[in-house]
Structure formats: structure tokens, C-alpha cells
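Working notes, structure below.
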Amino acid sequence: MDFKKSNAPVSTITRDVRPIENATGNLYESVVILSRRANQISVEIKEELQKKLEEFASYTDNLEEVFENREQIEISRFYEGLPKPTALAIEDFLDNDVYWRKPEAEL
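Residue numbers (the numbering used here): 867 to 973.
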């Protein structure tokens with residue numbers, strides 16, 4: 867998923883719960899699906915951020931440390947400006963980009 871190009875809002879907005887409920891027929895089931903997807907997105911973002919910050923990791927003290935810290939700060943600010951994982955999960959869910967199933971219903 868390319869969360870950098872998402873149309874999800876960066877700030878909190880009020881949503882109508884009916885479209886969320888209609889997707890599964892049960893609002894609480896939809897919220898569980900959304901929370902699990904938000905956790906997946908959060909892990910993806912965290913792993914990507916860690917990989918980018920490891921590129922600048924310095925295990926020795928040197929004079930270039932201030933410059934490296936600026937780059938790390940820029941990367942961190944970019945990720946802080948992204949929409950929150952819950953907003954991304956809601957957009958995915960409403961766009962029918964989330965696959966979910968009921969294992970007990972398949973028995």
C-alpha cells in the first residue's frame with residue numbers, strides 16, 4: 867500500500883457510520899476489521915521509518931553528526947505529517963481495498 871499517495875485526511879473528521887456498518891452488516895465487526903487494518907498499516911509505516919533512519923545511523927561520534935541529525939529530523943517530520951493509520955484504514959475499508967472474512971462462517 868502506498869500510504870504517501872492516500873486521500874485520507876490528515877486531521878480528524880466526523881464520519882457517518884452507516885457506510886462503515888453497511889459493509890459488514892454490523893458496526894462492531896467493522897470496527898474490529900478497521901482496528902486490525904490500522905495495526906497492519908502502523909507496523910508497515912514503523913518498519914519503513916526504521917529502515918530509513920538506519921541509513922543515517924552513526925555508531926561513532928564525529929563532526930557530521932549535526933548534519934545527519936537534520937536529515938533524520940526531516941524524515942521524521944515527513945512521517946509525522948502523514949495521515950494516521952486509522953484514517954488510512956477507514957479509507958481502505960470504504961474503498962473496498964480490505965479483504966476480510968469470517969473463519970467460523972466457512973466451517
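Cβ coordinates follow ideal geometry from the N, Cα and C atoms, glycine included. It should be emphasised that the depicted structure is a prediction, and the values quoted were computed from it without experimental measurement.
- Annotation: L900 to E940 spans about 30 Å, alpha carbon to alpha carbon.
- The three-state reading of DSSP puts N873 in coil, since its state is none of H, G, I, E or B.
- Counting only the Cα atoms, E970 lies some 33 Å from S872.
- In terms of CA proximity to R902, I956 leads the group D882, I956, Q916.
- Less than 8 Å divides the Cβ of F922 from the Cβ of E937.
- A direct Cα-to-Cα measurement between N935 and L919 gives close to 10 Å.
- Within the same chain, A904 come within 6 Å of T952 by CB-CB distance, once the 5 residues on both sides are set aside.
- T890 carries a helical assignment under DSSP once its states are collapsed to helix, strand and coil.
- A straight-line Cα-Cα distance of about 14 Å links K912 and G947.
- Here the alpha carbon of L915 sits roughly 11 Å from the alpha carbon of R943.
- For I956, the enclosing alpha helix (DSSP H) stretches over residues 951–960.
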